Amino acid sequence: VREAATWFKKYFETANQLHRARPHSMEARRDLAVASLALADAELAAGQNASAIVHLTEGLSFREEQLNAAPDSIQALSDMAVLLERLCRAWLRDPSAKATDMTLGYAKRLRDITTTMFERNPDSLKVAHDVINAWSALGDCHVRLGSTKDIDEAERFFRRCAAELQRINAAN
């Protein structure tokens, strides 16, 4: 995992250099967002939660800009959903009180985006995959909150995951 993190760090540094050289290039910004996500995934796997949150947050502004430029794009919605799901999972690992608020904020945005994705394209396996991951993260967020209402909400998300997986299996 550490070796992968080293390679992703080099990838991120290269993307960052290209972005600095061409700050108005959407392609350079996209590459930096992709590199940030890849590095954050490696950092999360290596237990480097704080730096993973920093790198995920760096990619957030680009994903928001991408989504604002193309609000009907399933790809833009999917990219944002993946990033928000990772942010939820990263903040879930943080024991601070701030983490609960951050997790819940990202979880609400994630819920809204995945609902939109699913409503627009319910038969897409890619959308189903993103939505299942998101609903699982949302369930985990509600478990962390811990009230009876939140546990009920977590169960609802986990049941939706199971139902969607059954639907996909039946269709294939």
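For the sequence shown, this note's numbering begins at 1 and goes up steadily by one.
Glycine is no exception: its CB is placed at the ideal position from the N, C-alpha and C atoms.
Remember, predicted model here, so these are calculated numbers, not experimental data.
Does the segment 58 to 71 come within contact of the segment 18 to 38, defined as at least 3 CB pairs closer than 8 Å?
A contact exists between the segment 58 to 71 and the segment 18 to 38.
Determine whether the beta carbon atoms of T103 and C141 lie at a separation below 8 Å.
yes
Leaving aside the five residues before and after T124 along the sequence, list all residues of the same chain whose C-beta is less than 7 Å from its C-beta, in chain order.
Contrary to the premise, residue 124 reads as Ser rather than Thr in this sequence. Excluding residues within five positions, none has a Cβ falling inside 7 Å.
Starting from the Cα of A163, find the closest Cα among D152, S136, G146 and give me that residue.
S136
With 16 other CB atoms within 10 Å as the buried threshold, where does V127 fall?
buried
For V34, which three-state DSSP category applies?
Taken through DSSP and simplified to helix, strand or coil, V34 comes out as helix.
Going by alpha carbons, who is nearest to T116 out of S73, Q166, N133?
S73
What's the gap between the Cα of D112 and the Cα of K9?
32 Å
Whose C-beta lies closer than 7 Å to the C-beta of N172 among residues of the same chain, with five residues either side of it excluded?
Result list for N172: empty, nothing under 7 Å.
Drop a sphere of 10 angstroms on the beta-carbon of L138, count the other beta-carbons inside from all chains shown, and report buried for 16 or more, exposed for fewer.
buried
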